[in-house]
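Residue numbers (this note's numbering): 37 to 237. Below: the structure, in C-alpha cells.
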Ligand SMILES: Cc1cc2nc3c(=O)[nH]c(=O)nc-3n(C[C@H](O)[C@H](O)[C@H](O)COP(=O)(O)O)c2cc1C
C-alpha cells in the first residue's frame, strides 16, 4: 500500500446538495492519485439576524473545518454555491477568520482550486469562481484552473470552465451532475493532488 504523502482539503458549503456532490467528485479525483488523500470538510451556516439562529452540528456529513485543516493540508479545493454572482457568506465568514494563518504565511505556496454551482446557466459561475480566488491569492496560494486539454471544456452544454469545475443545477437545484461536469470535477481533484505532490517532492 502506498503511504499517504499529502492530505488535500476539499472544503465546501452546500444547502441543496449540489456542492456536496461536486465535492465528493473532487475528492474522488484527489484519491485517484497515489499518495494523496482527500479531507472533506464543510462550514456551518452563519446567523444573519433576520434568519434562523446558528444551525446545530449536523448528525451526518463531514465535520466543520478548523484552521488546522488548512495548516495541515498540502492544498485546497474550495467549493461554494453561487450567491448573487459571489461566494456564499458562510465560506467567506470562515475565510475571514484565517487572518492568523495569513500573518504566519501558512498557506503561501500551496496549490488551490475552486468550484461552484448555479441555478441558471449564465448566473455567475465565473464571477463566483474568481471571487473565491481573491482571498486565496492574498494568502499566497497557487491557483490552478482547468486546461482545455480536457475536451469536456469545449463540449459541455452545462457547467465546466477554465477557472474551475462548475455545475448547472437548474432553478429547482435538482439537475444531476452531467457526465462532462463530473469528469471535470474529478480532473480538478486529480490535478490538485498531482501538483501538491510535485511541490512536496
Ligand atoms: C441567496 C441565493 C442567491 C443565489 N444567487 C444565484 C445567482 O446569482 N445565480 C444563480 O444562477 N443561482 C443563484 N442561486 C442558486 C444557487 O447558486 C444554486 O441553487 C446552487 O446549485 C445551490 O447549491 P447547493 O445545492 O450546494 O446549495 C442563489 C441561491 C440563493 C439561496
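No residue lacks a Cβ here, since even glycine has one placed at the ideal position from N, Cα and C.
Proximity test, residue i beta-carbon vs ligand 1 heavy atom, cut-off 6 Å
i	result
residue 44	no
residue 120	yes
residue 116	no
residue 196	no
residue 205	yes
residue 53	yes
residue 210	no
residue 155	yes
residue 22	Given a span of 37 to 237 for the chain in the structure shown, any question on residue 22 remains unanswerable.
residue 50	yes
Segment limits, beta strand (DSSP E) that includes residue i
i	result
residue 77	72 to 78
residue 46	42 to 48
residue 149	147 to 154
residue 112	111 to 117
Contact set for residue i: own chain, Cβ-Cβ below 6 Å, skip 5 residues either direction
i	result
residue 151	58, 115, 200 and 201
residue 189	196
residue 178	147
8 Å CB neighbourhood of residue i in its chain, flanking five on each side removed
i	result
residue 222	61, 62, 64, 65 and 68
N- and C-terminal bounds of the alpha helix (DSSP H) containing residue i
i	result
residue 130	125 to 132
residue 62	54 to 67
residue 173	161 to 174
Residues near residue i in its chain [Cβ-Cβ closer than 7 Å; skip 5 each side]
i	result
residue 162	197 and 199
residue 164	116, 118, 121, 122, 123 and 152
residue 82	125, 126 and 129
Practice prompt. Inspect the CB distances between the segment 222 to 231 and the segment 102 to 120 and report whether three or more fall short of 8 Å.
Written response: Touching, yes.
Item to complete: May I ask you to verify whether the segment 175 to 185 touches the segment 202 to 216, counting CB pairs closer than 8 Å and requiring at least 3?
Response: Three or more Cβ pairs closer than 8 Å define a contact, and the segment 175 to 185 falls short of that threshold against the segment 202 to 216.
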